[in-house]
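Step one of this worksheet: look at the structure below.
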Ligand code: KIV
Ligand code: ZN
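Encoded structure:
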């Protein structure tokens, strides 16, 4: 059943496999994600997460920043040596030592990528790098060339791209592609942009950079204003072919775009975006739990897709609708993301239909009088107790059956 609201031309475009685009998923849980305060993982944990990401169907795994520490170098190297099925990428600043270390770590992978970055915004040029625009272009070109001498898969990121003057951004991007960059990533490093603005930046790059068709455009959004996922999707609408994201949205400060959210938005609203990914969505919840366990970062209960409440319904009106027809209140099947079933939580907002359904699941068929009495007692209990367990329901039913 189509769930498209009307009033939007794109949303009403018929879904047609022939004009769908494949979007590459670039996971940076092990690099940007690990930069979340308190999220460090050891070598064994990183190897387990990397294997899970490959099994999930991630196209590119950014395994770390090899120059950052001997431990990071070793983790990227071992991931490159053992994990198969995804491109393995190492991050490097635009200098020889970083790029050489990145190559030394990733070179064991059948598909290896070096990702070089250099800040381009006026704020970063003036206060952090103390470099002129000419010097930035020169350093970016030298970095990309050095990486391209090692491998033919080179990504370049103009850091803080979304706060960079458009003329200068176009100039750096064109020069990086000429030097051999095959992916141009446009980071919103500080989570400052919004969907309309990022759409315009991507469209502008596609219109103004003459060699743009020689590289894949990529989006990398941070969540400081809570718009990382919306911004990533807007970039896709404007032609991005790669999304950089992390499991559970972990990352610097407020985090990165959450992989599970961008993937399920593209899948659930395929009618609108007309894009596919290679992600095996049934693995999303297990991978989310694994990353949470390895990093010690809890997933909030109401987190989209992977939170404990994402497929839980408590209100009586919603539960009644769900029992009649799931699509009334459910836009995705829990099974599609690896959750066994929808949870009709019994609480003070629940109604008789959900209680009768639970009683039936527990093996009891109640008369309407019995159901009414149990329901009244259940409501009194729910006012006092936050969590109502099946054991509580069974106790109420047993009391009723033995008393009647
Ligand atoms: O946010 C950012 O700018 C980054 C770059 C290194 C791509 O993480
Ligand atoms: Zn980042």
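Numbering (the UniProt record's numbering), first residue to last: 1 to 404. Idealized CB from N, CA, C, for every residue including glycine.
Check                                                                                                                                                    : Outcome
Under the rule that 16 or more other beta-carbon atoms within 10 Å means buried, what is residue 166, buried or exposed?                                 : exposed
First and last residue of the alpha helix (DSSP H) that includes residue 358?                                                                            : 352 to 361
Of the choices 288, 292, 287, 231, whose alpha-carbon is the least far from that of residue 265?                                                         : 231
Is the beta carbon of residue 169 closer than 9 Å to that of residue 140?                                                                                : no
Examine ligand 1 and report whether any of its heavy atoms sits within less than 8 Å of the Cβ of residue 32.                                            : yes
Helix, strand or coil for residue 294? Go by DSSP, reduced to three states.                                                                              : helix
Should the region 324 to 339 be called in touch with the region 361 to 378, which here means at least 3 C-beta pairs below 8 Å?                          : no
Helix, strand or coil for residue 224, going by three-state DSSP, please let me know.                                                                    : coil
Throw me the rounded Cβ distance for the residue 320 and residue 351 pair, which I believe falls under 8 Å.                                              : 6 Å
Can you give the Cα-Cα distance for residue 316 and residue 20, rounded to whole angstroms?                                                              : 39 Å
Can you grab the Cα-Cα spacing for the pair residue 297 / residue 308, in whole Å?                                                                       : 14 Å
Which residues bound the beta strand (DSSP E) around residue 151?                                                                                        : Run containing residue 151: none; DSSP gives neither H nor E here.
Could you tell me whether any non-hydrogen atom of ligand 2 is closer than 8 Å to the CB of residue 187?                                                 : yes
Say whether chain D places a C-beta atom closer than 9 Å to the C-beta of residue 216.                                                                   : Among the chains in the structure shown there is no chain D, since it carries only a single protein chain.
In three-state DSSP terms, what is residue 127?                                                                                                          : helix
Are residue 310 and residue 346 touching if we call contact CB-CB under 9 Å?                                                                             : no
Taking the alpha helix (DSSP H) that residue 203 falls in, what are its first and last residues?                                                         : 195 to 208
Where does residue 89 fall in DSSP's three states?                                                                                                       : strand
Should residue 401 be listed as close to ligand 4, given that the test is whether its C-beta is under 8 Å from any heavy atom?                           : Ligand 4 is not part of the structure shown, which contains ligand 1 and ligand 2 as its ligands.
Is the beta carbon of residue 27 within less than 8 Å of some heavy atom of ligand 1?                                                                    : no
At the level of alpha carbons, what is the spacing between residue 36 and residue 29?                                                                    : 10 Å
Would you mind working out which of 397, 120, 210 sits nearest residue 93, comparing C-alpha positions?                                                  : 120
Are the CB atoms of residue 154 and residue 148 within a distance shorter than 9 Å?                                                                      : yes
Roughly how many whole angstroms lie between the Cα atoms of residue 204 and residue 340?                                                                : 44 Å
According to DSSP, residue 258 sits in a beta bridge with which residue or residues?                                                                     : 246
Bridge partners of residue 276, per DSSP?                                                                                                                : 22
Tell me which residue opens and which closes the alpha helix (DSSP H) that residue 52 is part of.                                                        : 43 to 56
Can you name the residues that DSSP bridges to residue 183?                                                                                              : 155, 216
Considering only their Cβ atoms, is the gap separating residue 192 from residue 225 smaller than 9 Å?                                                    : yes
Beta carbon of residue 88, beta carbon of residue 67: below 9 Å?                                                                                         : no
Say yes only if the C-beta of residue 252 is nearer than 8 Å to one or more non-hydrogen atoms of ligand 2, and no if none qualify.                      : yes
For the region 122 to 133 and the region 75 to 86, state whether three or more C-beta atom pairs, one from each stretch, are separated by less than 8 Å. : no
Can you grab the Cα-Cα spacing for the pair residue 97 / residue 47, in whole Å?                                                                         : 25 Å
In three-state DSSP terms, what is residue 344?                                                                                                          : strand
Whose C-beta lies closer than 6 Å to the C-beta of residue 290 among residues of the same chain, with five residues either side of it excluded?          : 52
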